[in-house]
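FYI, my numbering numbers position 23 of the sequence shown as 23, with every residue one higher than the one before it. To start, the structure under review is shown below, and the notes come after it.
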Amino acid sequence: MDHVLHNSISSVDGCTIKEWDNGIWAEIQDFNSYSEFSQSGDGVHVFCKGTMPKAGRKKGNREMYCDNRFFAVTGDHIDKTPKTVNEAQECIEDYYQLWFEGYGTTNNSNNIKSLIMDDEDIVKLASYARNGGKFRKLDAGDISDYPSHSEAELAYCGILAFYTQNKEQIDRIYRTSKLYTKKWDRRGKYTLDKVVTGLTEVYLKTECEDEIFPTEEISLAELKNLKMDQNSRKMPNLMAMLPANHFINTVTDWMSGLSDTYYEYQVSTALWLLSDLIQGKGALVIKQGTIRPNLYVLLLGLSTKSRKSTAVNKIEQIREAATDTELYNDEPTIEGYLEMLVLNPVQSFVCDEVSGLFAKYHKKYNEGIFDLDCKIYDGASIRKIKASGRNKEPQEYIIKNPYVTHLYATTPDKFTTVIELEDFSCGWGYRFLYAFPTYAKDRMDIELENNENIDAWGKVLTAVKTLYNRYSGAADFKFSITKEALKLFNKISAELEDEGEKIQNESLDSAIARAEDNILKISMVLEIGKKEPSHEITKDSISIASLLVLDFFLPSFSQVMDRILSDI
1 MDHVLHNSIS SVDGCTIKEW DNGIWAEIQD FNSYSEFSQS GDGVHVFCKG
51 TMPKAGRKKG NREMYCDNRF FAVTGDHIDK TPKTVNEAQE CIEDYYQLWF
101 EGYGTTNNSN NIKSLIMDDE DIVKLASYAR NGGKFRKLDA GDISDYPSHS
151 EAELAYCGIL AFYTQNKEQI DRIYRTSKLY TKKWDRRGKY TLDKVVTGLT
201 EVYLKTECED EIFPTEEISL AELKNLKMDQ NSRKMPNLMA MLPANHFINT
251 VTDWMSGLSD TYYEYQVSTA LWLLSDLIQG KGALVIKQGT IRPNLYVLLL
301 GLSTKSRKST AVNKIEQIRE AATDTELYND EPTIEGYLEM LVLNPVQSFV
351 CDEVSGLFAK YHKKYNEGIF DLDCKIYDGA SIRKIKASGR NKEPQEYIIK
401 NPYVTHLYAT TPDKFTTVIE LEDFSCGWGY RFLYAFPTYA KDRMDIELEN
451 NENIDAWGKV LTAVKTLYNR YSGAADFKFS ITKEALKLFN KISAELEDEG
501 EKIQNESLDS AIARAEDNIL KISMVLEIGK KEPSHEITKD SISIASLLVL
551 DFFLPSFSQV MDRILSDI
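Here is the structure:
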């Protein structure tokens, strides 16, 4: 390193002092090997062990050689560096690329700057944009689309640089992503220089209009084959999209501190709980019919590692504690189901291992239960007459405006063993939100509960109790929807239906119809989950609900259907 130490005047006493050029001292320390001053006194030699990626190189004031080079060894050791020659292969490779290969500079000739925005706003814009799927994968640490971590890192920062040219801001956001490693401390400044100086355009708009439409990048192309990415399917991180005090984030913050259960289970059970707490009071009335926010949720995963039972049990416990009611692992027959709904048409059913119940649904004495459950899901009033023996009068069941939610869990193998294709043909199988994450998650060691866990529990308990009390005494109400939200929803629906028509797959057509309903249902519960619950569906809620359905729930359904069809 040549000419990297210069005289400088101290601002304290006016004396002449020696100062390193910006970043040089960090580079010297990074090699962690014997370093000395050159003969001139303003250069540095670093001696280390390793293999050069290519032959020796020189560019600017940096040189790197492994043979055929002569220079004076001064022995003028630099204080606070090792006195031994150490292994530094990683540094050799990184700095070779950074200094000699990786980073030219193409200046942004227009020198245009984006609007000043908060970190959260930038992440939200990047997540909703047409390339939002790429950004979210990178943010979650998924580099499968790139040959190396450094290229994934460059792509991620390049997206951020479109929205902000402030290197410190890009650095802050990058460090919150799962891409971040200690190597960033070494190479980060070079990456930032490249992405900012290489910009050809920047974000200038003040409104998030059609460019933040989430569906094109997310899954429409993948839907053509009904083969989603089944090895790394993840749900978008809602902490970056919803306010920190949103109900969903309050629940996931609590659950993630207790267990390594999948984030996707945490969000799915929180959505179910919100739909349960509304207690049938709200509905969206459109020309085509009435959509209620009740959800049927099914968690699928391996018996132990996925921690699906933990997610179900935790959400069940918090609901019971906040509402002073009990939820049982209900396994009603069709007659018991009807009798429960006659007594109270608003019901919540939870079953941790549901495969046994689904097997019973196929018994002769439960004939018709799948069709019945479809009508109940749709909120249709029911009058059913059950024939009795010779000496008894027929039994009549009248159920008005039922509002039922289901939260179930089982393994994918058990589910596809007990469920038949006919259960989808009648429409029942399409009514569930399938939460089926397949990526390898981190493991959490067993630990004692701490004050932070207790505080998080208290926040969730308060939020659940507040919503429960609010809607227990509320009158029925109608959700409204903004013009912008309706426009976005119709655009999403049209593109989905067009893709379904091109594929001509009956199961996909049915799944798309339910996907549209689920986008509206999830949008409603997202509004309820705000710090101050809202009954108006906004464009943001439609966008986030679409991301959840198209990025996760619909691909999960696709894998379930693939399994069922493969068994036929």
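Every residue, glycine too, gets a C-beta built ideally from N, C-alpha and C.
Residue i versus residue j: straight-line alpha-carbon distance, rounded
i: Thr176; j: Asn249; result: 17 Å
i: Thr84; j: Asp142; result: 38 Å
i: Asn237; j: Asp253; result: 12 Å
i: Leu220; j: Ser558; result: Since pLDDT at Leu220 reaches only 40, below the 50 mark, its modelled position is unreliable, and the value read off the structure follows with that caveat. Their backbone Cα atoms lie some 13 Å apart in a straight line.
i: Lys308; j: Glu27; result: 46 Å
i: Asp119; j: Tyr190; result: 21 Å
i: Val525; j: Thr261; result: 22 Å
i: Cys48; j: Trp184; result: 21 Å
i: Glu63; j: Phe70; result: 13 Å
i: Gly429; j: Glu101; result: 54 Å
i: Ile122; j: Gly133; result: 15 Å
i: Leu327; j: Lys414; result: 23 Å
i: Phe523; j: Glu420; result: Here residue 523 is Ser; the residue named in the question, Phe, does not match the sequence. Answer to the nearest angstrom: the Cα atoms are 30 Å apart.
i: Thr81; j: Ser35; result: 6 Å
i: Asp540; j: Thr269; result: 21 Å
i: Asp455; j: Gln347; result: 30 Å
i: Gly104; j: Gln97; result: A caution first: Gly104 carries a pLDDT of 44, below 50, which makes its placement in the model unreliable, though a value can still be read off. Going from the Cα of Gly104 to the Cα of Gln97 covers about 11 Å.
i: Gly23; j: Asp76; result: 21 Å
i: Ala131; j: Ser543; result: For clarity, residue 131 is Asn in the given sequence; the question names Ala instead. Computed Cα separation, rounded: 14 Å.
Own chain, CB closer than 8 Å to residue i, minus 5 neighbours either side, in chain order
i: Gly368; result: Ile334
i: Met561; result: Leu226, Phe424, Ser507 and Ala511
i: Arg470; result: Pro533
i: Lys18; result: Leu5, His6, Asn7 and Ser8
i: Lys478; result: Gly282, Ala283, Leu284, Val285 and His535
i: Asn245; result: Lys531
Close Cβ partners of residue i (< 7 Å) along its chain, the five nearest in sequence each way excluded
i: Ala474; result: Lys281
i: Glu207; result: Only weak support is given to the placement of Glu207: the predicted model assigns it a pLDDT of 43, under 50, and the value that follows is read from those uncertain coordinates. Correct list: empty, nothing qualifies.
i: Arg563; result: Pro412 and Thr416
i: Cys66; result: Met52 and Gly56
i: Ser259; result: Arg307, Thr310 and Met444
CB contact flag (residue i, residue j, <8 Å)
i: Leu298; j: Val312; result: no
i: Ile382; j: Pro394; result: no
i: Gly56; j: Ile92; result: no
i: Leu433; j: Leu295; result: yes
i: Arg431; j: Cys374; result: yes
i: Ala72; j: Phe31; result: no
i: Val46; j: Ser38; result: no
i: Phe247; j: Leu204; result: no
i: Trp99; j: Lys59; result: yes
i: Leu154; j: Val195; result: yes
i: Leu357; j: Glu396; result: no
Residue i classed as buried or exposed, judged by whether at least 16 other C-beta atoms fall within 10 angstroms
i: Ser148; result: exposed
i: Phe436; result: buried
i: Asn490; result: exposed
i: His3; result: exposed
i: Asp551; result: buried
i: Gln279; result: buried
i: Gln266; result: buried
i: Phe135; result: buried
i: Phe213; result: Because Phe213 sits at a pLDDT of 39, beneath the cut-off of 50, its placement in the model cannot be relied upon, and the following sentence gives the value as read from the coordinates. Its Cβ being crowded by 16 or more others within 10 Å, Phe213 is buried.
i: Gly336; result: exposed
i: Arg443; result: exposed
i: Ser150; result: buried
Residue from the options with nearest C-alpha to residue i
i: Leu284; options: Pro53, Gly23, Thr482 and Asp30; result: Thr482
i: Trp20; options: Trp272, Asn7 and Asp30; result: Asn7
i: Gly198; options: Thr462, Lys287, Gly158 and Ile376; result: Gly158
i: Asp445; options: Tyr203, Phe553 and Ser256; result: Ser256
i: Val202; options: Arg172, Asp171, Tyr180 and Gln165; result: Gln165
i: Lys530; options: Asn401, Val251 and His45; result: Val251
i: Glu536; options: Ser480, Leu565 and Ala515; result: Ser480
i: His406; options: Asp79, Gln317 and Asp352; result: Asp352
i: Lys305; options: Val354, Ala440 and Arg319; result: Ala440
i: Gly379; options: Leu154, Phe370, Lys360 and Lys400; result: Lys400
i: Leu138; options: Glu168, Gln169 and Tyr174; result: Tyr174
i: Thr74; options: Asp94, Tyr95, Asn86 and Gly41; result: Gly41
i: Ala409; options: Ser114, Val354 and Ile542; result: Val354
i: Ile492; options: Leu547, Pro243, Thr200 and Leu271; result: Leu547
i: Ser528; options: Glu452, Arg186 and Leu271; result: It is Ile, not Ser, that sits at residue 528 in the sequence shown. When only C-alpha atoms are compared, the closest one is Leu271.
Residues of its chain near residue i, where Cβ-Cβ distance is below 6 Å and the 5 sequence neighbours each way are ignored
i: Thr538; result: Thr482 and Ala485
i: Ala140; result: Lys178 and Lys234
i: Val549; result: Ala515, Asn518 and Ile519
i: Gly301; result: Lys308
i: Ile398; result: Arg383
Neighbour flag for residue i against chain D, beta carbons, 8 Å
i: Phe370; result: The chain inventory of the structure shown lacks chain D, comprising one protein chain alone.
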